[in-house]
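J.: I'd like to ask some things about the structure below.
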DNA sequence: GTCTATATACCGATAGAC
DNA sequence: GTCTATCGGTATATAGAC
């Protein structure tokens, strides 16, 4: 349930975002969305063409927010290593998983080009942004010049996405943190 | 459809394993299982108490097979680095995702302790096995003694699990391979 | 062991009153 | 814009014939 100040359309999008995060697309029914939003069937089909259309609005917003917050952390001041460390260590609701990454396991999302596009674009943008930072670190001599920036960026994002899997499997955020620490130890510039 | 040599019970388990991999628990209906197995309702409820019971048999078998094949690769001959590289590089149906890891995104699996246990146990065992190998590498001087074996193991498994996410998002195995190469570059012993 | 018939609830969507 | 009524189809399970 949401504040009465939020429009019905907004409440529908927000409740869909929550349910997609918790249960995925296949596991989210219009009925559940409506109950959480405190709306009736008519409202949903007035504002949206159907479940896929509403899900698209929800996914787009979630993708935008994730990208914006990730870029904010990556653009924080510091050395390239520190900026990547800040991204890896930033506060996360680890056991809930990644609201964007989890959609890749949803066959109905992956099968629909419209639903899939924001997921693809978000992860690609974050990888590209991290690759730029690694490249900068190579130029500054903080990272070995032999490293491939795109590969390191992929490893960084994969460690985060896989960390969610390990954490959820074990029921504890510890596994996520362990993976992050392991990667950072490998990435750390040699002390002098 | 399966060979007539396979019992109905076996066909039910095998078709459930496939569907859990493709669509997850929530997205897999008894009807779909029965169609793929070429069996009727009666057979399923004769051999299994219901959907959760059949899913448990399927998940247990998938978990056993994954663990066995992972251990086989990890125990192949070579230096610790080579054994971990063999694990990271082993042939995978990348775009299908991990049949065990994907279950962590299924709320109904995570909510049922019986269904969840094999998922947790499998990933924990693989992490522990890799940690042993890292420890061996530290003793042999191939890895820096400052590294934490458990953390490196977590990073290795997270890179694999997250690599599936990146690959599925982008629709190409390239992102998986990039992450693996990135991690291996960071893990590689210094050349002499 | 396997089949068909049946049951209750929910799915996603539409119609039309207010 | 929002509501309720209704729809055909499916989800999961049970009953009982063969």
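Protein chains in written order, with the UniProt record's numbering: chain H, 1 to 192; chain C, 1 to 192. Ideal placement from N, C-alpha and C gives every residue a C-beta, glycine not left out. Every value quoted in this text rests on a predicted model; they were computed, and no experiment measured them.
Round the Cβ separation of residue 160 (chain C) and residue 130 (chain C) to the nearest angstrom and send it over; I've been treating them as touching at under 8 Å.
T.: Actually they are not in contact, since the Cβ atoms of residue 160 (chain C) and residue 130 (chain C) sit about 10 Å apart, beyond 8 Å.
J.: Please state if the CB of residue 7 (chain C) and the CB of residue 33 (chain C) are separated by a distance shorter than 8 Å.
T.: For residue 33 (chain C) and residue 7 (chain C), no; Cβs fall outside 8 Å.
J.: Do residue 182 (chain C) and residue 154 (chain H) have their C-beta atoms closer together than 8 Å?
T.: Taking 8 Å as the Cβ cut-off, residue 182 (chain C) and residue 154 (chain H) qualify as a contacting pair.
J.: Output needed in chain order: residues of the region 96-122 of chain H with a Cβ under 7 Å from some Cβ in chain C.
T.: Per Cβ criterion, the list reads 97, 101, 102, 104, 105, 107, 110, 119 and 120.
J.: Taking 8 Å as the CB-CB cut-off, is residue 161 (chain C) touching chain H?
T.: True, the Cβ-Cβ gap to chain H drops below 8 Å.
J.: Using a Cβ-Cβ cut-off of less than 8 Å, list which residues of the region 127-144 of chain H approach chain C; keep chain order.
T.: Per Cβ criterion, the list reads 127.
J.: What residue does the alpha helix (DSSP H) around residue 110 (chain H) start on, and which one ends it?
T.: That run of the alpha helix (DSSP H) goes 107-111.
J.: Just the Cα atoms here: how many angstroms apart are residue 134 (chain C) and residue 80 (chain C)?
T.: Computed Cα separation, rounded: 6 Å.
J.: Straight-line CA distance for residue 85 (chain C) to residue 38 (chain H)?
T.: Near 52 Å, if we compare the C-alpha coordinates of residue 38 (chain H) and residue 85 (chain C).
J.: On the CB-based measure, 16 or more other CB atoms within 10 Å of its CB, does residue 106 (chain C) come out buried or exposed?
T.: Buried, because 16 or more other Cβ atoms sit within 10 Å of the Cβ of residue 106 (chain C).
J.: Exposed or buried, what is residue 151 (chain C) when buried is set at 16 or more other beta-carbons lying within 10 Å of its beta-carbon?
T.: Flag for residue 151 (chain C) reads buried.
J.: Does residue 148 (chain C) come within less than 8 Å of chain H when only Cβ atoms are used?
T.: Yes, contact with chain H.
J.: Return the chain-ordered list of same chain residues with a C-beta closer than 7 Å to the C-beta of residue 58 (chain C), the five sequence neighbours on each side being excluded.
T.: Answer for residue 58 (chain C): 13, 16, 17 and 20, listed in chain order.
J.: Hey, which unbroken runs of the beta strand (DSSP E) at 3 residues or more fall wholly within the region 137-185 of chain H?
T.: Fully enclosed beta strand (DSSP E) runs of 3 or longer: not present.
J.: Does the Cβ of residue 169 (chain H) have 16 or more other Cβ atoms within 10 Å, making it buried, or fewer, making it exposed?
T.: Buried.
J.: Could you spell out where the alpha helix (DSSP H) holding residue 16 (chain H) opens and where it closes?
T.: Element bounds for residue 16 (chain H): 8-23.
J.: With a threshold of 16 other CB atoms inside 10 Å of the CB of residue 77 (chain C), please say whether the residue is buried or exposed.
T.: With fewer than 16 other Cβ atoms within 10 Å, it is exposed.
J.: Drop a sphere of 10 angstroms on the beta-carbon of residue 141 (chain H), count the other beta-carbons inside from all chains shown, and report buried for 16 or more, exposed for fewer.
T.: Under this definition residue 141 (chain H) is an exposed residue.
J.: Are the CB atoms of residue 187 (chain H) and residue 175 (chain H) within a distance shorter than 8 Å?
T.: The answer is no: Cβ separation not under 8 Å.
J.: One question on the structure: do residue 119 (chain H) and residue 25 (chain H) come within less than 8 Å of each other, judged by their Cβ atoms?
T.: Contact: no.
J.: Rounded to the nearest angstrom, what separates residue 73 (chain C) and residue 87 (chain C) at their Cα positions?
T.: Each residue's Cα considered, the two are about 6 Å apart.
J.: Starting from the C-beta of residue 96 (chain H), find all residues in its chain whose C-beta is less than 7 Å away, skip the five residues before and the five after it, and write them out in chain order.
T.: Closer than 7 Å at Cβ, skipping near neighbours: 21.
J.: Within 10 angstroms of its Cβ, does residue 89 (chain C) collect 16 or more other Cβ (buried), or is it exposed?
T.: Counting Cβ neighbours within 10 Å, residue 89 (chain C) comes out exposed, since fewer than 16 surround it.
J.: Quick one: does residue 170 (chain C) have its CB under 8 Å from some CB of chain H?
T.: Closer than 8 Å: yes.
J.: Assuming residue 67 (chain H) and residue 125 (chain H) make a contact with CB atoms under 8 Å, what is their CB distance in whole Å?
T.: Right, the Cβ-Cβ distance comes to about 6 Å (below 8 Å), so this counts as a contact.
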